[in-house]
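Take a look at the structure below.
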Amino acid sequence: MVKTPQVMEKAQIEVRQVFGAKGNVYETGLQQLKFLKAMIKVTLRLHPPIPLLLPKESSESCEINGYGIPVKTKVIVNAWVIGRDPKHWIEAETFHPERFLDSCIDYRGANFEFIPFGGGRRICPGIAFATPNIEFLLAQLLFHFNWKLSEEGLNMTENFE
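For the sequence shown, the UniProt record's numbering begins at 1 and goes up steadily by one.
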């Protein structure tokens, strides 16, 4: 978000329009923050909280994308790769919240191209707690603060030494 200041500014404008007269962010107005919700979705698409979902064991032989899966095989779903798959996402690596504004894709795991909290019977039970808290916290931060990168920018190179 900080690396795309126009996106952050758009979210700040939305939050400040909804809550400006009240002087603070309140839970009752969070449903009006469409762009903020889209921004959170794109963040979770690119950086899911658990990139490798919990292993599942196949109860019968099956085939997944042309690969034979024998019975009792552990299958691990890579949500990080799915969220960046160019077959499902135009400009998959781009932080572009607008893609979620008119989309019916949600966190519940029904759309398998977007599963930051897993899906099915084993979807994360904390989803109902996490999403409103993320929305509330981010809305508070955007309402009260302005950020910008230093002139040198931000080095986000990963180093595993």
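Yeah, the Cβ is synthetic: ideal placement off N, Cα and C, and Gly gets one too.
Here the C-alpha atom of Ala139 lies approximately 11 Å from the C-alpha atom of Phe35. Take the alpha-carbon of Pro97 and the one of Gln32: they are about 16 Å apart. When the five nearest sequence neighbours on each side are left out, the beta carbons in the same chain lying within less than 6 Å of the beta carbon of Ser61 are those of Pro70 and Val71, in order along the chain.
Residues Glu135 of the same chain have their beta carbon placed closer than 6 Å to that of Leu30, with the five preceding and five following residues left out of the count. Annotation for Glu63: the continuous beta strand (DSSP E) segment containing it runs Cys62 to Ile64. In the three-state reduction of the DSSP assignment, Ile50 falls in the coil class.
By the beta-carbon neighbour count (other beta carbons within 10 angstroms, threshold 16), Lys41 is buried. Positions of the alpha helix (DSSP H) runs, each at least 4 residues long and wholly inside the segment 13-50, are given as 34-46 in order along the chain. Exclusion of the five residues before and after Val25 leaves Phe19, Ala139, Gln140 and Phe143 as the residues of its chain whose Cβ lies within less than 6 Å of its Cβ.
Of the other Cβ atoms in all chains shown, 16 or more fall within 10 Å of the Cβ of Cys124; this residue is therefore buried. Sequence-distant partners of Pro86 (beyond 5 residues in either direction) whose C-beta falls short of 7 Å from its own C-beta, in its chain, are Ala92. The residue from Val15, Asn65, Asn155 and Ala79 with its alpha-carbon nearest to that of Phe112 is Ala79. Counting only the Cα atoms, Ile82 lies some 15 Å from Leu54.
By the C-beta density criterion, Arg45 is buried, having at least 16 other C-beta atoms within 10 angstroms. The alpha carbon of Arg121 has as its nearest neighbour, out of Asn133, Ala110, Phe145 and Leu154, the alpha carbon of Ala110. In the displayed model, Lys72 falls within coil according to three-state DSSP, outside both helix and strand.
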